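Protein sequence lines, in the order shown, are assigned to chains A and B. Residue numbers for the first sequence follow the working numbering, beginning at -14 and rising by one. Residue numbers for the second sequence follow the working numbering, beginning at -14 and rising by one. Heads up, the beta-carbon is just placed ideally off N, CA and C, and yes, glycines get one too. Everything numeric in this text was worked out from a predicted model, so none of it was measured. Below is one structure, written out as structure tokens, with a few remarks after it.
Protein chains: 2
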Amino acid sequence: MAKIRERNRELIIQAASEIFAAQGFAATKTVDIAEQAGLPKANVYYYFKSKKNLYRSVIVSVIEPLLQAATPFYQDDDPATVLEQYIRAKIRVSQQHPSASKVFASEIMHGAPHLPDDIAAQMMEQTRVSSHKIQSWIDRGLMDPVDPHHLLFTIWASTQTYADFDWQISRVTGKDKMTQRDYDIAADQLTRLILKGCGVQATQTSDA
Amino acid sequence: MAKIRERNRELIIQAASEIFAAQGFAATKTVDIAEQAGLPKANVYYYFKSKKNLYRSVIVSVIEPLLQAATPFYQDDDPATVLEQYIRAKIRVSQQHPSASKVFASEIMHGAPHLPDDIAAQMMEQTRVSSHKIQSWIDRGLMDPVDPHHLLFTIWASTQTYADFDWQISRVTGKDKMTQRDYDIAADQLTRLILKGCGVQATQTSDA
DNA sequence: GTCTATACTAGGATAGAC
DNA sequence: GTCTATCCTAGTATAGAC
């Protein structure tokens, strides 16, 4: 039954994402992944051959939502709209895919030794498109003359922090887990900060 | 000779900071630390008893510059001055102590399992003081009514990113290493973004 | 296709010579 | 106080029964 195969691979990847996110690659034991997935350890090796290989599969599986967040840059050309949608999308990723975000952060922080070239290339391409778009807004006088790259770094960092550094956030706010309302406040405030900070003219935006 | 003792401990801690930062705790081999420090492995155990213990010592040793960055909040009461000085101090830490920043980021990301309580307490106390000060500026109408915690999260994230995610930054900018000028640009832009974004009135600031 | 039982090795830790 | 040689556990990986 190929269905079982698919299902088990899915279970293992899901379990692995969480544990890799929580502990990091090296600290993760394949036994723990197997346990979390409710399968014997040998099964993990049967499906993925090696721990490294499984890790690569996890990376590929978590990349999707991260890349997806950049779509606003491809769908619109109004700075206020795009930046707001982008920030909200990035915060949503942190909220809904915290493990993906952490696995990635850890991978990048250690110099991306396992990141497949084509994924790295896709990320670079998105960055290129986004920063060109920002530059074009600047050229058209729609916002202050900021350095597009640094603006992106700021947005990436301050949205991902809600996933990657959740421990710290939880300590500071005194809440075990952020509520939907907390994420909304974070997104609202960051949007206002960035738009106002870059001198972007407010336009009619959807109330997402 | 107690001098040798001091010197060797110093060498080991220095080497360990770099390797823990680059690889993470679990992926780091004590042999590599010993090699980097130019000492035999047993020496590392002689001085630090265990890998975990060495790691804790590293954490304590790297905390100093990180805590130091918050001094502007204790020395002044003008929002433009304090925020600018704080952002510049944080960026300087990322530039001058990238390993410290990474070790910490990694520790926090994994739920701070090794962070000594007193250090965590100091960080919380600093956060408390900083956010109270921000709130007082808001109450006095010196800046927009933002959520102080979220503002701090944004500043932390976007300054630390220059150390923690240097790989990504290097890929995007196409530069192997950021120059002094690059750090200055980053600090200038982030300062302007935050001050303007929070509606802080510009005041006479030192040209640091 | 699944899993139990086992082989193999890396790497943390230490005993004991100098 | 220093370091060489060795121990031993933990954890990856697999052989082979079901």
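Best match in the options for proximity to residue i [C-alpha to C-alpha]
i        : options                       : result
A:E(-5)  : A:K14, A:V47, A:G9            : A:V47
A:A105   : B:R125, B:I123, B:W152        : B:W152
B:I(-3)  : B:V16, B:A(-13), B:A11        : B:V16
B:D132   : A:R125, A:D132, A:L175        : A:L175
B:H95    : A:D103, A:I154, A:I(-11)      : A:I154
B:D102   : A:R156, A:I(-11), A:K162      : A:R156
A:Y31    : A:R125, A:R41, A:T56, A:N(-7) : A:N(-7)
A:I(-11) : A:D161, A:K160, A:R125, A:L24 : A:L24
Interface residues of chain B facing residue i [CB-CB closer than 8 Å]
i      : result
A:S143 : F138, T139, A142, S143
A:Q8   : A11, H95
A:S91  : G9, S91, M94
Cβ shell of residue i (< 7 Å), same chain only, five flanking positions each side left out
i      : result
A:T190 : Below a pLDDT of 50, predicted positions are generally treated as unreliable, and A:T190, at 48, falls in that range; the measurement from the model is reported next regardless. For A:T190, where only same-chain residues beyond five positions count, the Cβ hits under 7 Å are A65, T66, E69.
A:H134 : S116
A:A85  : S2, V47, P50, L51
A:A90  : Q145, D149
B:E92  : I44, H99, L100
A:S143 : L175
A:A171 : I76, Y147
8 Å CB neighbourhood of residue i in its chain, flanking five on each side removed
i      : result
A:V88  : S2, F5, A6, V43, I44, V47
B:D173 : none
A:A54  : Y71, A74, K75, R77, V78
B:R41  : H99, P101
A:K194 : Outside the shown range of chain A (-14 to 193) lies residue 194 of chain A, about which nothing can therefore be said.
Alpha carbon of residue i to alpha carbon of residue j, nearest angstrom
i       : j       : result
A:L178  : B:M108  : 25 Å
A:K241  : A:V29   : Residue 241 of chain A falls outside the range modelled here, since chain A spans only -14 to 193, and no answer is possible.
A:C183  : A:Y71   : 15 Å
B:L180  : B:A148  : 22 Å
B:T139  : A:S121  : 26 Å
A:Q111  : B:E(-9) : 50 Å
A:W141  : A:Q80   : 14 Å
B:Q39   : B:A19   : Correcting the residue type first, residue 39 of chain B is Leu in the shown sequence and not Gln. C-alpha separation (whole angstroms): 12 Å.
A:F58   : A:I76   : 16 Å
B:A11   : B:P98   : 13 Å
A:K26   : A:D129  : 55 Å
A:F33   : A:I123  : 48 Å
A:L127  : A:R73   : 21 Å
B:Q(-1) : B:L137  : 29 Å
A:A193  : A:T164  : Residue confidence is low: A:A193 scores 42 on pLDDT, short of 50, so the model does not pin down where it sits. Its coordinate-derived value is still stated next. One C-alpha to the other measures close to 17 Å.
A:T158  : A:D167  : 10 Å
B:Q60   : B:V114  : 12 Å
B:K160  : B:T56   : 32 Å
B:T13   : B:A22   : 14 Å
A:R125  : B:D169  : 26 Å
Proximal residues of chain A, C-beta to C-beta of residue i below 9 Å
i      : result
B:H134 : I154, V157, T158
B:V131 : Q174, R177, L178
B:K87  : M94, H95
B:D103 : The premise fails here: B:D103 is roughly 14 Å from chain A at the closest Cβ pair, so nothing lies under 9 Å.
B:T15  : Residues of chain A passing the Cβ test: none, with the nearest at roughly 14 Å.
Proximal residues to residue i (C-beta, below 6 Å), its chain only, five neighbours per side dropped
i        : result
B:K118   : F58
A:T188   : D63, A65
A:H82    : P50
A:V185   : P64, A65, M128
A:G9     : S91
A:A(-13) : none
Any non-hydrogen atom of the ligand ATP within 7 Å of residue i CB
i      : result
A:Q186 : Summarising the ligand content, the structure contains no ligands, and the ligand ATP is consequently not present.
Chain A contact residues for residue i, given Cβ-Cβ distances below 7 Å
i      : result
B:A54  : The premise fails here: B:A54 is roughly 15 Å from chain A at the closest Cβ pair, so nothing lies under 7 Å.
B:T164 : What B:T164 touches in chain A: nothing, since even the nearest Cβ is about 14 Å away.
Partner residues on chain B for residue i, Cβ-Cβ distance less than 7 Å
i      : result
A:A124 : In the sequence as presented, Ala is not what sits at residue 124 of chain A; that position holds Asp. Simply none; closest approach about 17 Å.
A:G23  : Going along chain B, no residue has its Cβ under 7 Å from A:G23, so there is no contact; the nearest lies around 24 Å.
A:F150 : I93, M94
A:T112 : V157
Neighbour list for residue i in chain A, Cβ cutoff strictly below 8 Å
i      : result
B:M109 : R156, V157
B:T188 : Near B:T188 there are no residues of chain A at all, since even the closest Cβ is about 17 Å away, more than 8 Å.
Contact set between residue i and chain B, taken where Cβ atoms lie within less than 9 Å
i      : result
A:G170 : A quick correction: the sequence has Ile, not Gly, at residue 170 of chain A. Here the neighbours are D132, H135.
A:T66  : By Cβ distance, chain B contributes nothing, its closest Cβ being about 18 Å from A:T66, past 9 Å.
| query | Enumerated in chain order, which unbroken segments of the alpha helix (DSSP H) with a length of 4 residues or greater are wholly contained in the segment 88 to 166 of chain B? | reply | Segments of the alpha helix (DSSP H) lying fully in the segment 88 to 166 of chain B: 102 to 124, 133 to 149, 151 to 158.
| said: At 4 residues or longer, what runs of the alpha helix (DSSP H) sit wholly inside the segment 35 to 79 of chain A? | reply: 36 to 53, 57 to 60
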